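In my numbering, the protein residues as written are 1 to 79.
Okay, structure first, notes after.
Here it is as structure tokens:
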């Protein structure tokens, strides 16, 4: 069996890091505007969860090299 490449193994952690980075940005902007730590933490948590859901849905939508439903594989002899 071949081991998955490091790029494939790091991909989920990269997506979580991207969601955390966006959530930190949203939390800091909220903290600067409202000066209320509780509201900033709520905004951080909400943005983190929302980013994770959106990124997960986008990753489910992207499947490289997969033919559409009902489409034949290019290497079949029935073309």
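Glycine is no exception: its CB is placed at the ideal position from the N, C-alpha and C atoms.
Bear in mind that the values here come from a model prediction, so they are computed numbers and not experimental data.
Beta-carbon contacts of residue i that lie in its chain and below 6 angstroms, excluding the five residues immediately before and after
| i | result |
| --- | --- |
| residue 45 | none |
Rounded distance between the beta-carbons of residue j and residue i, thought under 8 angstroms
| i | j | result |
| --- | --- | --- |
| residue 23 | residue 48 | 4 angstroms |
| residue 52 | residue 40 | So it is not a contact: roughly 19 angstroms between Cβ atoms. |
Residue i, buried or exposed, once every other Cβ within 10 Å from all chains shown has been counted against 16
| i | result |
| --- | --- |
| residue 34 | exposed |
| residue 26 | buried |
| residue 61 | exposed |
Residue i - containing alpha helix (DSSP H), residue span
| i | result |
| --- | --- |
| residue 42 | 37-61 |
Same chain only: Cβ atoms within 7 angstroms of residue i, ignoring 5 sequence neighbours per side
| i | result |
| --- | --- |
| residue 20 | 48 |
Close-in-space but distant-in-sequence residues of the same chain around residue i (CB under 8 angstroms, 5 per side omitted)
| i | result |
| --- | --- |
| residue 59 | 15 |
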